[in-house]
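Undergrad: Protein sequence lines, in the order shown, are assigned to chains A and B.
First residue of the first sequence? That's 1 in UniProt numbering, and the numbers climb one at a time after it.
First residue of the second sequence? That's 1 in UniProt numbering, and the numbers climb one at a time after it.
The beta carbon of each residue, even a glycine, is placed where N, CA and C say it ideally should be.
Number of protein chains: 2
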Amino acid sequence: MVDIRNLIRDNRLRVGDVLPSENALAAQLGISRTVAREALRGLAALRILEVGSGRRARVAGATSETLSAILDHTAYTRQLSVVQIQDVRRTLEMRTVSLAALHRSAEEAQALLQTIEGMMEAVQRDNPHSVMDLDIRFHEIIARASGNPLYSVLVDSFRVITRQTWHIGWRARGSHESRVENIKCHERIATAVIEQDAARAEAAMAEHFDSSFMVLMRAGVS
Amino acid sequence: MVDIRNLIRDNRLRVGDVLPSENALAAQLGISRTVAREALRGLAALRILEVGSGRRARVAGATSETLSAILDHTAYTRQLSVVQIQDVRRTLEMRTVSLAALHRSAEEAQALLQTIEGMMEAVQRDNPHSVMDLDIRFHEIIARASGNPLYSVLVDSFRVITRQTWHIGWRARGSHESRVENIKCHERIATAVIEQDAARAEAAMAEHFDSSFMVLMRAGVS
DNA sequence: TTGTCCCAGGTTGTATGACAGCTTTTTCCA
DNA sequence: TGGAAAAAGCTGTCATACAACCTGGGACAA
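If you want it as structure tokens, here you go:
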């Protein structure tokens, strides 16, 4: 098994640096281009490298796509239940919201407010798809505001799987009032983060997840 | 971009099921074997498929290797600090230890005790490598005992990266007494989990992470 | 001088054919 | 019937070829 990661390490490559071409690698390692290429593509699948037609491979930054694909697959093959996934999300986000309250920038505060505003509008227009996108973005903004990129990657990787169950929650929250209340809950989280009140932010996030949990349970999701 | 994942979905494949051969896939999708093979290897890199010489590709179960490789790479390219990684570990493990206290089996309780015993012995023999392996295993047992495989995967993913910083903590805990105290701390966690006292287990885990944090800080790790 | 266009060379993407080595299946003999 | 040997199937690797694509640099015009 050819491991290009050693190459990245040995050459002290940083994010954005380019690697040798497939032919150069093959010659350097004494293997065929086929094998060199496969090794590169393996790391590209992990998003450790960024490859593209005609351009050399580059060392890539952190993204959530890889873990997202794994989560998706793991859930799909029934190795994970919705409740188990929500438990992990809750654990992570109880921390991110607390850190976000401590570290948020002015721009992030602004972004949270805009997202809430957009959600409220979308609910009035009865546009669930738009509400969902903004809902997911809301959580991602908070994760980013935590200042810890690992939380960002982890929370973002739930996006694909959240999109698959989100509509269940929406339908289960049948009434317009119930949906508005859900947005208000997001608003309480945002307000606490903006006012940099970590304890209140955590409490609001707990309320949010507990409420979602109840809704999913009543809808018969396991 | 050829996506074999759709194939897994459309054929309702489950963990352990075999996929068509590279040639069959190529014919089926109207592409060359080269491309079919690359698509398979891409999923193999994510550990979504399990491939092996001479044998057909199989749908794989959840492992921590993928996320582990990503964490390793992300930390290596300086996108993550030790403190940030420890923060995420702490967040996850505060929850796993609580769940473990609630769900632990008799076997898991036994395994925890054995691990502690082994750690104490290894400390007496002044064998840090062995202490480290048991330390890491201790946390993995707790994650497994949580009953949520996603926590297991996440906690296990930190193994590679923990191995790289663990020795700093060991050396920073210069005295024999300090090292024994660290094991005792593990023991308090284990006892609480075995007695199914979730609150005490959380408190002991908090103490453990806070202590490690202080040690690393004093050692000048950022 | 400066900005734009174009082109040549380098690089990746895909296809084909070949063969060694490993695994699974089938066949056949004791 | 049990087990060994042969056959078939599959993956791993290599070499070659060419299309598609990107990048940098030079020619050219404003």
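#1: Once DSSP output is grouped into helix, strand and coil, what is the label at B:Glu117?
#2: List the residues of chain A that B:Val59 touches, going by C-beta distances under 9 Å, in chain order.
#3: Rounded to the nearest angstrom, what separates B:Met132 and B:Ala198 at their Cα positions?
#4: Taking the alpha-carbon positions, what's the A:Ala192 to B:Ser222 distance?
#5: Just checking my contact of B:Thr96 with B:Val160 at CB under 8 Å: how many whole Å lie between their CB atoms?
#6: What residues match up with A:Glu50 in a beta bridge as DSSP calls it?
#7: Residues in the same chain with beta-carbon distance under 7 Å from residue 224 of chain A, minus the five sequence neighbours each way, listed in chain order, please.
#8: According to DSSP, is A:Val18 part of a helix, a strand, or is it coil?
#9: Please report whether the beta-carbon of A:Glu140 lies at a distance below 9 Å from any beta-carbon of chain B.
#10: Strictly under 9 Å for the Cβ-Cβ distance: is B:Ala199 near chain A by that measure?
#11: Any C-beta of chain B within less than 8 Å: which residues of the region 139 to 159 of chain A qualify?
#12: Taking Cβ positions, are A:Arg37 and A:Glu50 nearer each other than 9 Å?
#13: Between which two residues does the alpha helix (DSSP H) carrying A:Ser130 extend?
#14: Can you find a C-beta in chain B that's less than 9 Å from the C-beta of A:Arg56?
#15: In angstroms, rounded to a whole number, what distance separates the CA positions of B:Thr66 and A:Ile70?
#16: What residues from chain B crowd round A:Gly42, counting only those whose CB sits closer than 7 Å?
#17: Could you say if the region 173 to 189 of chain B and the region 206 to 219 of chain B meet the contact criterion of at least three C-beta pairs nearer than 8 Å?
#18: Does any C-beta atom of chain A lie closer than 9 Å to the C-beta of B:Met214?
#19: Where does B:Ile183 fall in DSSP's three states?
#20: Shorter than 9 Å from the beta carbon of B:Leu102 to some beta carbon of chain A?
#21: Apart from the five residues just before and just after residue 225 of chain B, which ones in its own chain have a Cβ nearer than 7 Å to its Cβ?
#22: What do you get for B:Gln114, buried or exposed, if any count of 16 or more other CB atoms within 10 angstroms of its CB means buried?
#23: Confirm, please, whether the CB-CB distance from A:Ser157 to A:Ser68 is below 9 Å.
#24: Leaving out five residues before and five after B:Ile168 in sequence, what residues of the same chain have Cβ atoms less than 7 Å from its Cβ?
#25: Where do the ends of the alpha helix (DSSP H) carrying A:Arg218 lie?
#26: Tell whether a beta-carbon distance below 9 Å holds between A:Ala75 and A:Leu150.
#27: Taking all protein chains shown into account, do 16 or more other C-beta atoms lie within 10 angstroms of the C-beta of B:His73, making it buried, or fewer, making it exposed?
#28: Can you check whether the C-beta of A:Asp210 is within less than 9 Å of a C-beta belonging to chain B?
#29: Shorter than 9 Å from the beta carbon of A:Glu202 to some beta carbon of chain B?
#30: Give me, in chain order, the residues of the same chain whose beta-carbon lies closer than 7 Å to that of A:Arg56; leave out the 5 immediate sequence neighbours on both sides.
TA: Per the coordinate set shown:
#1: Here the question's residue 117 of chain B lines up with position 117 in the second sequence. It is helical.
#2: As a working note, residue 59 of chain B is residue 59 in the second sequence. Listed along the chain, the chain A residues whose CB falls inside 9 Å of the CB of B:Val59 are His73 and Thr77.
#3: As a position in the second sequence, residue 132 of chain B is number 132, starting the count at 1. As a position in the second sequence, residue 198 of chain B is number 198, starting the count at 1. Roughly 25 Å separates the two Cα atoms.
#4: As a position in the first sequence, residue 192 of chain A is number 192, starting the count at 1. As a position in the second sequence, residue 222 of chain B is number 222, starting the count at 1. Whole-angstrom Cα-Cα distance: 29 Å.
#5: Residue 96 of chain B sits at position 96 when you count from the first residue of the second sequence. Residue 160 of chain B sits at position 160 when you count from the first residue of the second sequence. The pair is not a contact, with the Cβ atoms about 19 Å apart (cut-off 8 Å).
#6: Locating residue 50 of chain A in the first sequence gives position 50, where the first residue counts as 1. According to DSSP, which records beta bridges pairwise, A:Glu50 is partnered with A:Arg58.
#7: The displayed coordinates of chain A run from 1 to 222. Any statement about residue 224 of chain A would go beyond what the structure contains.
#8: Walking along the first sequence from the start, residue 18 of chain A turns up at place 18. Of the three classes helix, strand and coil, the one that applies to A:Val18 here is strand, per DSSP.
#9: Stepping through the first sequence from its first residue, residue 140 of chain A is reached at position 140. Output row for A:Glu140: interface = no.
#10: Residue numbering aside, residue 199 of chain B sits at position 199 when the second sequence is read from its first letter. False, the Cβ-Cβ gap to chain A never drops below 9 Å.
#11: Asn148, Pro149, Leu150, Tyr151, Val153 and Leu154
#12: Walking along the first sequence from the start, residue 37 of chain A turns up at place 37. Walking along the first sequence from the start, residue 50 of chain A turns up at place 50. No; because the gap between Cβ atoms is not below 9 Å, this pair is not in contact.
#13: Residue 130 of chain A sits at position 130 when you count from the first residue of the first sequence. Counting along the chain, the alpha helix (DSSP H) containing A:Ser130 begins and ends at Pro128 to Ala145.
#14: If you number the first sequence from 1, residue 56 of chain A lands on position 56. Taking Cβ atoms only, chain B never reaches closer than 9 Å to A:Arg56, which makes this a no.
#15: Counting from 1 along the second sequence, the entry for residue 66 of chain B is found at position 66. Counting from 1 along the first sequence, the entry for residue 70 of chain A is found at position 70. Taking the straight line from one Cα to the other gives about 8 Å.
#16: Reading the first sequence from its first residue, position 42 is the one you call residue 42 of chain A. In chain order: Arg41 and Ala45.
#17: Yes, they touch.
#18: What you label residue 214 of chain B is simply residue 214 of the second sequence in a count that begins at 1. Chain A contact via Cβ: absent.
#19: Counted from its first residue, the second sequence places residue 183 of chain B at position 183. Helix, per DSSP.
#20: Translated into positions along the second sequence, residue 102 of chain B becomes position 102. Cβ-Cβ to chain A under 9 Å: no for B:Leu102.
#21: Coverage of chain B is limited to positions 1 through 222, which leaves residue 225 of chain B absent and any answer about it impossible.
#22: Against the second sequence, residue 114 of chain B aligns to sequence position 114. When all chains shown are included, B:Gln114 counts as exposed.
#23: Within the first sequence, the letter at position 68 stands for residue 68 of chain A. Within the first sequence, the letter at position 157 stands for residue 157 of chain A. Taking 9 Å as the Cβ cut-off, A:Ser68 and A:Ser157 qualify as a contacting pair.
#24: Position 168 of the second sequence, counting from 1, holds the residue named residue 168 of chain B. Around B:Ile168: Leu216, Ala219 and Val221.
#25: Here residue 218 of chain A corresponds to residue number 218 of the first sequence, with the count starting at 1. Its alpha helix (DSSP H) spans residues Ala198 to Arg218.
#26: Your numbering for residue 75 of chain A matches position 75 in the first sequence. Your numbering for residue 150 of chain A matches position 150 in the first sequence. Contact: no.
#27: Residue 73 of chain B sits at position 73 when you count from the first residue of the second sequence. With 16 or more Cβ atoms within 10 Å of its Cβ, B:His73 is classed as buried.
#28: Here residue 210 of chain A corresponds to residue number 210 of the first sequence, with the count starting at 1. No, no contact with chain B.
#29: Mapped onto the first sequence, residue 202 of chain A falls at position 202. By this cut-off, A:Glu202 is not an interface position.
#30: Position 56 of the first sequence holds residue 56 of chain A. The answer, listed in chain order, is Val18, Leu19 and Ser21.
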